[in-house]
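Numbering (our numbering), first residue to last: 11 to 253.
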């Protein structure tokens, strides 16, 4: 057996945020290690980490709340909600894609994931991401399989859902997520803002993708906020599971 510190050292992990749920209650949450390899600042229970694709189910909660309130319909063509972009036709065939398809990765959409952008790089708009135009670093998001027939993981589909919700509700995505999910659950150390708030700069965990080597700029920036934009703590994520 190994202590947590030994395991973190073996896995070249400078810092970690851990929460434990016991009997449908948050038993405890704590931070371990350092914000950045070689630095002195410790990880605390309120240290935000990039949550990557855990962003998707948190976004899905917001969609389901809007469905519950009658603002959205899971089975309506998303082109009915999209105003700034449309799901394009494919060789004359116009696919009918719904939020149910998009949230369950059954929409036949391309682009599985997103590599993100360093803070020093130009960051595309979401419309540029959807069409794969510079400075986007991923291909156009398109339907090339009949929706509803098969499962295929697609961050691209989640990004289409993000644009549909923003177009229909008319709020900036970080504000929408704050009002629908983060504030009601008391997730005070979480945000979908990309890049993260400037006031948070000194408390963010640095990414270390390989053997304790920090990412240039400390983290990635994701305009694909619904798919990968969440900053959060283990304690805040536990609230999602509990509530």
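For every residue, glycine included, the Cβ atom is placed at its ideal position computed from N, Cα and C.
Since this is a predicted model, take the numbers as computed values, not measurements.
Notebook entry, point to check: Since residue 263 is in the beta strand (DSSP E), which residue starts that stretch and which ends it?
Noted result: Outside the shown range of the chain (11 to 253) lies residue 263, about which nothing can therefore be said.
Margin query: Can you tell me where the alpha helix (DSSP H) holding residue 166 begins and where it ends?
Written below: On the chain shown, position 156 is the one that residue 166 refers to. Per DSSP, the unbroken alpha helix (DSSP H) holding residue 166 starts and ends at 165-179.
Check: Taking the continuous beta strand (DSSP E) assigned at residue 245, which residues delimit it?
Finding: The residue you call residue 245 lines up with position 235 of the chain shown. Unbroken run through residue 245 is the alpha helix (DSSP H), 244-252; no beta strand (DSSP E).
Next item on the list: Out of 212, 122, 214, state which residue places its alpha-carbon closest to the alpha-carbon of residue 154.
Entry: Here residue 154 is taken as the residue at index 144 of the chain shown, counted from 1. The shortest C-alpha separation from residue 154 is found at 122.
Next item on the list: Can you give me the Cβ contacts of residue 125 inside the same chain, cut-off strictly under 8 angstroms, excluding the 5 residues immediately before and after it?
Entry: Translated into the one-based positions of the chain shown, residue 125 becomes position 115. So the qualifying residues of the chain are 147, 148, 230.
Note to self: Am I right that residue 69 and residue 169 are in contact with their C-beta atoms under 8 angstroms? What's the rounded C-beta distance?
What the structure shows: Walking along the chain shown from the start, residue 69 turns up at place 59. Walking along the chain shown from the start, residue 169 turns up at place 159. Actually they do not touch by this definition, with Cβ atoms about 10 angstroms apart.
Next item on the list: Note down, one range per segment and in chain order, each alpha helix (DSSP H) of at least 4 residues found wholly within the region 96-145.
Entry: 109-113, 136-141, all fully within the region 96-145.
Notebook entry, point to check: Which parts of the region 47-85 are runs of the alpha helix (DSSP H), unbroken and 4 residues or longer, counting only runs that do not cross its ends?
Noted result: Runs of the alpha helix (DSSP H) inside the region 47-85: 65-78.
Checklist line | Three-state secondary structure (DSSP) of residue 223 | finding: Numbered from 1 along the chain shown, position 213 holds the residue referred to as residue 223. DSSP places residue 223 in strand when its eight states are reduced to three.
Checklist line | Start and end residues, alpha helix (DSSP H) containing residue 15 | finding: Within the chain shown, numbered from 1, the residue matching residue 15 stands at position 5. Annotation for residue 15: the continuous alpha helix (DSSP H) segment containing it runs 14-20.
Note to self: If you measure between the beta carbons of residue 173 and residue 92, is that distance less than 8 angstroms?
What the structure shows: Here residue 173 corresponds to residue number 163 of the chain shown, with the count starting at 1. Here residue 92 corresponds to residue number 82 of the chain shown, with the count starting at 1. Cβ distance < 8 angstroms, so residue 173 and residue 92 count as in contact.
Notebook entry, point to check: According to DSSP, what are the bridge partners of residue 32?
Noted result: The residue given as residue 32 occupies position 22 in the chain shown. Residue pairing by DSSP places residue 32 opposite 35 in a beta bridge.
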